[in-house]
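Visitor: In the working numbering, the protein residues as written are 47 to 322. Glycine included, every Cβ here is placed at the ideal spot set by N, Cα and C. Handing you a structure now.
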C-alpha cells in the first residue's frame, strides 16, 4: 500500500539498544569489589529498601562497564498503583553490562482476604510484570485487590473501569497485550502530561521511529483518556497531536539550560489549536 511501517523491536534488540557505550582509550583497567554488608539503604522513586550482597565492577579501555554478582533486597517497600507493597523476594543479578541486570522481585499487599501483588522478572531493559495472588483469582480480581483492597464485586463502577483499563494497559486483559506484545518505552502512574484533571493516570509510551512517539493516558478514577502522537521534526522543535477527552495540537520549542539546571528542559508552546 506504499506505507512504511516500523517493525517492533525484539527483546534482544531492546536489550542491545540500552547497552552501555564503550569507554574511551583513557579508561583505566580496574576491578572494584562492592560489599553492601546487609545494611545499605536506598530511598527514592517510590522505593525504601535495605540491600545486601556483593558485586564486582570491571572497567577497561574501549569496553563497556561490566559487573558481576548479586544484590539482595533484604527488606523494604515499593509503591505501585498508589499502594505501598512489601518486598518479599528481591534478587538483582549482574552478569554483563552494569545497566542491564536480571531481576527477580516479588512485592505483595498482605493482610486482606485476597493477598495480591506483582512479580517482576527478566532484564532491566525489558522487564516482565505478572500479577499474583493468594488464593489464585482472575487477573482482574488480582488488580482490584491490589489497587483497592477488595474484590471487583464490591467496587464502584469507576473503580471497576479503572482496574480493567489498567489491566488492559499491562497486557493481561482481553486481547490488548500492549506491554507484553510490543514492549513499552515508558510506563508510569502519576499526574497527567496532557491536561487531564485526574490526579492519577496511567501513562504509556512507545517510540515508533526515531522521530515519532505514540503515547496514551488513561484516568484511574474516571473514563477520561488521551491518545497523543509526538513528532520530533527537528532538534528543538516538536509537534504533539492529541485526541480523546482533550483534543488539539501543540508546537513545542525545547531549549536546554545546562549551565543553570542539570537535565532540565524549558518547553514553550508557540501554537495551539483546540478542536473541541
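1. Hey, which unbroken runs of the beta strand (DSSP E) at 3 residues or more fall wholly within the region 129-211?
2. Quick check on the burial criterion: 16 or more other C-beta atoms within 10 angstroms. Buried or exposed for residue 186?
3. Could you have a look at residue 58 and say whether DSSP puts it in helix, strand or coil?
4. From the DSSP secondary-structure annotation, give me the bridge partner or partners of residue 99.
5. Is it buried or exposed, residue 154, if we count other Cβ atoms within 10 angstroms and call 16 or more buried?
6. Since residue 98 contacts residue 118 with CB under 8 angstroms, what's their CB separation in whole angstroms?
7. What residues match up with residue 75 in a beta bridge as DSSP calls it?
8. Taking only the alpha-carbon atoms, compute the straight-line gap between residue 149 and residue 272 and give it to the nearest angstrom.
9. To which residues of the same chain is residue 100 closer than 6 angstroms at the C-beta, ignoring the five residues directly before and after it?
10. From the DSSP secondary-structure annotation, give me the bridge partner or partners of residue 239.
11. Provide the residue span of the beta strand (DSSP E) that contains residue 259, from first to last.
12. Our contact map puts residue 239 next to residue 263 with C-beta atoms below 8 angstroms; I'd like the distance itself, whole angstroms only.
13. Below 6 angstroms CB to CB, which residues in the same chain sit around residue 168 once its five sequence neighbours on both sides are set aside?
Guide: Quick answer:
1. 129-143, 148-155, 161-169 and 174-180
2. buried
3. For residue 58, the predicted structure reports a pLDDT of 49, less than 50, and the residue's modelled location is therefore unreliable. The matter cannot be settled from this model.
4. 117
5. buried
6. 5 angstroms
7. Its beta-bridge partners do not exist; DSSP assigns none.
8. 32 angstroms
9. 81 and 115
10. According to DSSP, which records beta bridges pairwise, residue 239 is partnered with nothing at all.
11. 258-265
12. 7 angstroms
13. Counting only Cβ-Cβ distances below 6 angstroms, and skipping sequence neighbours, we find 174.
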